[in-house]
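Engineer: Questions regarding the structure given below will be posed in turn.
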Amino acid sequence: MRKLVQGNEAVFHGAVASGASYYAGYPISPSTEILNIASAYAAAHHQTFRF
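Residues 1 to 51 (this note's numbering) make up the sequence shown, in order.
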């Protein structure tokens, strides 16, 4: 099944698929949404990411 997603969500899913477990970002930037997506994903899938 295909799903249309925004760019930040696509970046996050690509990072997870590649095995990334660390995220470094700058608050109040366009990529801040990745942190929110990662937090929700980690809670729903019982995973831990380092921020």
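Backbone N, C-alpha and C define an ideal beta-carbon position, used for all residues, glycine too. Keep in mind the model is a prediction, meaning the values are calculated, not measured.
Which of helix, strand or coil does DSSP assign to Y23?
Structural biologist: coil
Engineer: Which one of G19, A40, I34 has the shortest CA to CA distance from Y69?
Structural biologist: Residue 69 lies beyond the range of the chain shown here (1 to 51); nothing can be said about it.
Engineer: Quick one: using the 10 Å Cβ neighbour count with 16 as the cut-off for buried, is F12 buried or exposed?
Structural biologist: buried
Engineer: For R50, list the residues DSSP reports as bridge partners.
Structural biologist: Within the DSSP bridge table, the entry for R50 names Y22 as partners.
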